[in-house]
Amino acid sequence: MDIPASCDVIVVGSGNAGFSAAISAAQSGARRVLLIDKCPEDWAGGNSYFTAGAYRTVHQGLPDLLPIVNNVSQEQASKIELSPYTAQDFHNDLKNICVGRSDPELAHALVSESNDTIKWLAKNGVRFQLSFNRQAYEVDGKIKFWGGLSLKTQDGGKGLIADHLAAARRHSVKVLWSTALVGIAPPNHPGGDVVVTVRLDGATSTISARGVVLAAGGFESNARMRSQFLGPGWDMAMVRGTPYNTGECFEMAIQSLDAQPVGNWSGCHAVAWDANADPNTGDRVASNEYTKSGYPLGLMLNVEGKRFVDEGVDLRNYTYAKFGRAILYQPEQTVFQVWDAQTTPWLRSEEYREERVERITADTLEELADKCQARGLRERDAFVQTIREYNEAVHAHRHEHAHEQLKWDPAIKDGLSTQSSSKQLVLPKSNWALPLDQGPFLAVKVTCGITFTFGGLKVDPQTAQLIGASTGQPVPGVYCVGEMLGGLFYQNYPGGSGLTSGAVFGRRAGRAAAQRAATTEKDSQGFVTGRTRVNGKEKGRTRHTRRYN
Numbered sequence: 001m002d003i004p005a006s007c008d009v010i011v012v013g014s015g016n017a018g019f020s021a022a023i024s025a026a027q028s029g030a031r032r033v034l035l036i037d038k039c040p041e042d043w044a045g046g047n048s049y050f051t052a053g054a055y056r057t058v059h060q061g062l063p064d065l066l067p068i069v070n071n072v073s074q075e076q077a078s079k080i081e082l083s084p085y086t087a088q089d090f091h092n093d094l095k096n097i098c099v100g101r102s103d104p105e106l107a108h109a110l111v112s113e114s115n116d117t118i119k120w121l122a123k124n125g126v127r128f129q130l131s132f133n134r135q136a137y138e139v140d141g142k143i144k145f146w147g148g149l150s151l152k153t154q155d156g157g158k159g160l161i162a163d164h165l166a167a168a169r170r171h172s173v174k175v176l177w178s179t180a181l182v183g184i185a186p187p188n189h190p191g192g193d194v195v196v197t198v199r200l201d202g203a204t205s206t207i208s209a210r211g212v213v214l215a216a217g218g219f220e221s222n223a224r225m226r227s228q229f230l231g232p233g234w235d236m237a238m239v240r241g242t243p244y245n246t247g248e249c250f251e252m253a254i255q256s257l258d259a260q261p262v263g264n265w266s267g268c269h270a271v272a273w274d275a276n277a278d279p280n281t282g283d284r285v286a287s288n289e290y291t292k293s294g295y296p297l298g299l300m301l302n303v304e305g306k307r308f309v310d311e312g313v314d315l316r317n318y319t320y321a322k323f324g325r326a327i328l329y330q331p332e333q334t335v336f337q338v339w340d341a342q343t344t345p346w347l348r349s350e351e352y353r354e355e356r357v358e359r360i361t362a363d364t365l366e367e368l369a370d371k372c373q374a375r376g377l378r379e380r381d382a383f384v385q386t387i388r389e390y391n392e393a394v395h396a397h398r399h400e401h402a403h404e405q406l407k408w409d410p411a412i413k414d415g416l417s418t419q420s421s422s423k424q425l426v427l428p429k430s431n432w433a434l435p436l437d438q439g440p441f442l443a444v445k446v447t448c449g450i451t452f453t454f455g456g457l458k459v460d461p462q463t464a465q466l467i468g469a470s471t472g473q474p475v476p477g478v479y480c481v482g483e484m485l486g487g488l489f490y491q492n493y494p495g496g497s498g499l500t501s502g503a504v505f506g507r508r509a510g511r512a513a514a515q516r517a518a519t520t521e522k523d524s525q526g527f528v529t530g531r532t533r534v535n536g537k538e539k540g541r542t543r544h545t546r547r548y549n
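Shown next, in the form of C-alpha cells:
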C-alpha cells in the first residue's frame with residue numbers, strides 16, 4: 001500500500017491498545033486514520049495476540065455481564081456464583097498488588113471507565129465470554145468464579161486481534177505492515193503537525209499528522225534493555241510473546257520528544273513458562289498455552305530440590321506475575337511444578353495436556369525424582385525430602401484443626417495450610433495445602449517467560465497525551481498508551497488489568513487525537529484556520545484574525 005503524505009491520526013502498534021486508539025479516533029471524527037507496525041502482517045497483534053484475552057472490569061454481577069457474553073446457557077447461568085466486582089474492589093487490588101505506588105489519576109481512569117470500555121469493545125465486535133476454563137471451578141454443583149476476573153475474549157488473544165482487525169476495516173482504518181517508525185518530530189509551531197519518518201522496504205518516507213498515538217509495546221523482547229533495566233539475569237528470560245517489542249519507540253520518544261520516563265522500569269510481568277519453548281519468541285499456534293499456572297494446586301521446587309515461594313499465598317491472579325520473576329532468580333532459571341493424583345484432574349488441559357507439554361509421570365515420589373533428575377534436577381534426595389516434610393506439615397495442620405471441618409476449595413482462600421503449633425515450615429503453603437502422597441505423580445519443568453515491562457512514559461491521565469520531561473507540559477499531538485504508558489503497575493499487577501488499561505487509555509487517546517485533528521490550525525500566513533467536522537466530514541473553514549505570539 002502507498003504511504004500517505006499526511007493523515008489525521010497515526011497509531012504506532014497493532015496490539016489491543018493501538019487498535020482501540022485507531023477505532024476510537026475513527027469513531028470520533030478522524031477521517032484518515034493510519035495504523036503502522038514494523039512487524040509483517042502475519043505477526044499482527046503485538047503481545048495482545050499471545051494473551052488469554054482476560055479483561056478485568058468493574059461489574060454488578062452476572063446480570064451486568066450476561067448481555068455481552070456468548071457462551072452461557074440458561075442452565076449454566078442458574079449454577080454460576082459470580083459476585084459483583086466493585087470500583088473499591090478494583091482500587092484495593094491495585095493498591096495491594098502494586099504496593100500503593102500506582103498513579104492515582106491513572107488508577108481512577110482505569111477503574112472508573114473499565115465497565116463502559118468493555119461494553120464499548122463489545123459494541124465494536126469484540127466477542128466476550130465468561131472465563132469458565134481459567135477463572136472458575138465447579139464445587140458442589142456450583143460454578144464459582146474467583147479472583148475478581150471473569151471475562152475473556154473468544155479464542156483468547158487470537159480472537160481479540162481478529163475482532164480488532166475486523167472493526168478497523170469497518171471504520172476504514174488504513175493499516176501498513178512491515179512499516180517501522182524511525183523518527184518523530186513535534187510540531188514546529190502551535191497547532192502544527194507532528195512529522196513522523198517511517199521505513200518500508202528499505203525506503204524512508206515522512207508523514208504529517210495532526211495526532212500520533214504511540215502504542216508500540218515495551219522492551220521485553222530486547223535482551224540488552226532487559227539486562228539494563230530489569231537487572232542481571234533477565235537476558236536469560238524467555239520471550240512469551242512477540243519478538244518485535246524491542247523498545248526503540250521509548251528511546252525515540254525520550255530523545256526526540258523530551259518524553260518523561262516514569263514508573264517501575266525494573267519491573268515486569270512474567271509467568272511460569274514451558275522450559276522447552278523457544279526462548280526468543282512466542283508461538284503463534286500454541287500462544288498462551290505455554291503458560292503453566294497450576295502451581296496453587298501443587299508445589300514448585302527448584303533444581304536443588306527446594307521450594308522458594310508460598311504457592312498458596314493468594315489466588316493465582318495476584319501471584320503469577322511476581323512468581324515468574326521468582327522463577328528467574330532460581331538456579332538455572334528452572335523449576336519443577338509437582339502434583340499428585342488428587343489435583344492433577346484440576347489442571348487446565350490447554351496448558352498441561354500431553355500434546356502441549358512434556359509430562360513427567362511416576363507412581364512414587366522416588367521414581368518422580370529420578371525422572372526429574374534426568375531432566376536437570378540436581379538434588380534428587382532433597383526433592384523427595386522437601387515433599388515429605390511438606391506432607392508431614394499438612395497432616396499436622398489437619399490433625400490440629402480436625403474439629404473445624406476445613407474443606408479444600410480452589411475457588412477461595414480456604415485456609416488449608418502447613419502451619420500448626422506442632423509443626424511449621426519455614427516457607428508455608430498458606431492455602432490449598434493437600435498432601436502430595438497419592439500416585440500417580442506429575443511434574444512439569446518450567447522457566448520464566450516475560451510478558452511485558454512496567455516502565456513507561458508519563459502521560460496526562462485524561463487524554464493519554466505525552467508529558468515533556470523538561471517542561472512538564474503536554475507534547476502537542478503525541479499520545480502514549482498500552483505497555484508504553486508508565487506509572488500504573490509496580491512490582492506486580494492484577495491479572496487482566498493490562499488489556500483493560502490498553503483499551504481505556506487507547507480509547508481516550510484516539511478521541512483526543514481526533515479532536516485535535518478537528519480543531520484550529522495555523523495557516524501559512526500565521527492565521528488560525530478553523531476546521532469544523534460533523535460526523536467525520538469537514539463542513540467549512542473559517543479565517544480568524546488572532547495570531548499566535
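Counting in the UniProt record's numbering, the sequence shown runs without a single skipped number right up to 549 at its last residue.
Glycine is no exception: its CB is placed at the ideal position from the N, C-alpha and C atoms.
1. Which one or two residues does DSSP pair with residue 460 in a beta bridge?
2. Consult DSSP for residue 230 and reduce its assignment to one of helix, strand or coil.
3. Go to residue 336, then tell me how far its alpha helix (DSSP H) extends in each direction, as first and last residue.
4. Quick check on this structure: which residue in 472, 448 and 445 has the alpha carbon closest to the alpha carbon of residue 458?
5. If you draw a straight line from the C-alpha of residue 118 to the C-alpha of residue 18, how long is it?
6. Where does residue 527 sit, in a helix, a strand or coil, going by DSSP?
7. CB-CB under 7 Å to residue 504, same chain, minus the five flanking residues each way: which ones, in chain order?
8. Contact between the segment 360–370 and the segment 379–393: three or more CB pairs below 8 Å?
9. Does DSSP classify residue 405 as helix, strand or coil?
10. Is DSSP giving residue 199 helix, strand or coil here?
11. Please state if the CB of residue 517 and the CB of residue 196 are separated by a distance shorter than 8 Å.
12. Considering only the beta carbon of each residue, do residue 359 and residue 446 sit closer than 8 Å?
13. With a 10 Å radius around its C-beta and 16 neighbouring C-beta atoms as the bar for buried, classify residue 499 as buried or exposed.
14. For residue 330, tell me which candidate among 260, 361, 399 and 234 has the shortest Cα-Cα distance.
15. Here's the rule: buried if 16 or more other CB atoms are within 10 angstroms of the residue's CB, otherwise exposed. What is residue 351?
16. Tell me, please, which residues DSSP counts as bridged to residue 269.
17. Would you call residue 269 buried or exposed, if buried means 16 or more other Cβ atoms sit within 10 Å of its Cβ?
18. Apply the 10 Å Cβ neighbour rule to residue 403 and answer buried if 16 or more other Cβ atoms are within range, or exposed otherwise.
19. Taking residue 220 as the reference, give the member of 271, 177 and 183 with the closest Cα.
20. Once the 5 residues before and after residue 45 are set aside, which same chain residues still bring their CB inside 7 Å of it?
21. Which whole-angstrom value is the C-beta distance of residue 427 and residue 307, which I expect to be below 8 Å?
22. Check for me: the beta strand (DSSP E) holding residue 138 runs from which residue to which?
23. Take residue 494 as the anchor and find which of 57, 50, 4 and 291 has the nearest alpha-carbon.
24. For residue 302, which of helix, strand or coil comes out of DSSP?
25. Closest to residue 168 by C-alpha separation, out of 22, 93, 64 and 98, would be which residue?
26. Between which residues of its own chain and residue 125 is the CB-CB distance below 8 Å, once the five residues before and five after are set aside?
Once the coordinates are examined:
1. 465
2. helix
3. No alpha helix (DSSP H) contains residue 336, which is instead part of the beta strand (DSSP E) from 335–339.
4. 472
5. 16 Å
6. Unreliable placement is indicated for residue 527, whose pLDDT of 32 sits below 50; the coordinate value is still reported in the next sentence. Three-state DSSP puts residue 527 in a strand.
7. 109, 110, 113, 114 and 117
8. yes
9. coil
10. strand
11. no
12. no
13. buried
14. 234
15. buried
16. 452
17. buried
18. exposed
19. 271
20. 14, 15, 157 and 161
21. 5 Å
22. 136–139
23. 57
24. strand
25. 22
26. 163, 166, 167 and 170
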